[in-house]
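Numbering (the numbering used here), first residue to last: 9 to 412.
For each residue, glycine too, the CB sits at the ideal point set by N, CA and C.
If you're wondering where the values come from, they're calculated on a predicted model, not measured in any experiment.
First the structure, in the form of structure tokens, and then the observations on it.
Set out below in structure tokens:
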């Protein structure tokens, strides 16, 4: 039996699930393409009142793709189109070659799309316990083939002590953890998350973010995550789609977009890059974690880590200074060889400099903010080798198990 989830409203009631019989498979409902490109391919054009949407992007078949932009830019509209909850005649949507929409001729309804959808506010059945809410989304006939099982969801989201409680007696963060678990137990091939933390206060957000980080490290299915909070992007996203006024301004790897001087991220006062790193060792005597990144190595204060664990580092442009020769003894412990790839003037007095780590600049990207005077005094130029002195490094993502 094929199953799908439908999160929408009909006749004032929340329809939560629609089950398809054996004689009505998802393949028959949705069809399949002769060519099978991987990942999510989405493009939608249309108008809703005075709002115009013209957005398209490709999301890889694994990892978190963040749809990011100011409120009202069209992020949720795109997500609803992917889910089949909204429909534009001029639209295309396919997952791993399975076409869900192709213009007006082909449109798979939501219950034919193997998705999990997590809303801003958890929509749990108030008359059911947490356990029954979770099991309501689980396809019992596919337990042996499940991508993630019931026990794993309980452990992943820390739900063991909540199973017999009513949703009415849960905090906002706890309800959202249950909602996430239920969406995963439906065994989706694509997980859609519409600002799942926006309804939570700061304390609840910090409570649930580590669970989302653990989810990121455990699942291989694609996730499309809508947010206007840059902190969530920095901690969770692998890929980024930047939207503005119904259009996609840029799309690509998170690191590439955050370090691109032509985009607003790099020009912002709080500009920073995210570096995916692997734990190399831990110096218990000094409380320092040694981490490898592409083209270099960092030391940062941190509790003990397991060799091979993956972490994410945050380095701000204002914490990076440049030297033309190897610096002498210094309190700065992170000094890395790099090459200047690009430099952009951001005002009368300052420049933002894009660096590539390594002898030839082939490694991870860093940003440095320098004054125009320093640039000219040091005789810096694009292509020149330099030493990047990193004054501060922060862990932006917690522990993720080593790759097997």
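Residue range 238–244 is occupied by the alpha helix (DSSP H) that includes residue 243. Counting only the Cα atoms, residue 188 lies some 13 angstroms from residue 163. Rounded to the nearest whole angstrom, the C-alpha separation of residue 161 and residue 146 is 11 angstroms.
Of 175, 55 and 399, the smallest CA-CA separation from residue 97 is found for 55. Around the beta-carbon of residue 367, fewer than 16 other beta-carbon atoms lie within 10 Å, marking it exposed. A residue is called buried once 16 or more other Cβ atoms fall within 10 Å of its Cβ, and residue 337, having fewer, is exposed.
In the pairwise beta carbon analysis, the segment 165–172 is classified as not touching the segment 109–119: fewer than three pairs are separated by under 8 angstroms.
Per the coordinates, the alpha-carbon of residue 284 lies some 36 angstroms from the alpha-carbon of residue 139. Cβ neighbours of residue 393 within its own chain (closer than 6 angstroms, five residues either side excluded): 347. Shown here, residue 317 sits in coil according to DSSP, grouped into three states, outside any helix or strand. By the CB criterion at 8 angstroms, residue 231 and residue 72 fall inside the cutoff. For the options 402, 282 and 314, the alpha carbon positioned closest to that of residue 290 is the one of 314. Between residue 321 and residue 201, the alpha-carbon positions lie close to 24 angstroms from each other. Only buried fits residue 122, as 16 or more other CB atoms lie within 10 angstroms of its CB. Rounded to the nearest whole angstrom, the CA to CA distance from residue 341 to residue 398 is 8 angstroms. In the structure shown, residue 202 falls within a strand segment according to DSSP collapsed to helix, strand and coil. Residue 184 sits in a helix when the DSSP states are folded into three classes. The segment 127–139 and the segment 192–200 do not touch, with fewer than 3 CB-CB distances between them shorter than 8 angstroms. Shortest Cα-Cα distance from residue 215 to any of 45, 380 and 183 involves 183.
Of all alpha-carbon atoms in 132, 401, 375 and 80, the one lying nearest the alpha-carbon of residue 179 is that of 132. Put simply, the segment 272–287 does not touch the segment 87–103. Fewer than three CB pairs are less than 8 angstroms apart.
Fewer than three beta-carbon pairs drawn from the segment 350–366 and the segment 245–265 are found closer than 8 angstroms, and the two stretches are therefore not classed as touching. Counted as a single uninterrupted DSSP element, the beta strand (DSSP E) harbouring residue 346 occupies residues 342–353. For the pair residue 278 and residue 235, the CB atoms are not nearer than the 8 angstroms cut-off. DSSP, reduced to helix, strand and coil, places residue 304 within a strand of the structure shown. In terms of Cβ geometry, residue 249 and residue 65 form a close pair [threshold 8 angstroms].
CA-to-CA, the gap between residue 369 and residue 206 works out to about 39 angstroms.
A straight-line Cα-Cα distance of about 15 angstroms links residue 144 and residue 156. Separation of residue 318 and residue 69 (C-alpha to C-alpha, rounded to the nearest whole angstrom) is 20 angstroms. In the structure shown, residue 88 adopts helical secondary structure according to DSSP, grouped into three states. As for any beta strand (DSSP E) of minimum length 3 sitting wholly inside the segment 53–118, the runs are 59–67, 71–76, 98–103 and 106–110, ordered along the chain.
Short of 7 angstroms from the beta carbon of residue 77, and not among the five residues preceding or following it, lie these beta carbons of its own chain, in chain order: 83, 236, 250, 251 and 252.
Residue 396 sits in a strand when the DSSP states are folded into three classes. Straight through space, the alpha carbons of residue 256 and residue 396 are spaced by roughly 33 angstroms. For residue 329, the enclosing beta strand (DSSP E) starts and ends at 328–331.
Of the candidates 87, 80 and 57, 87 places its Cα closest to the Cα of residue 49.
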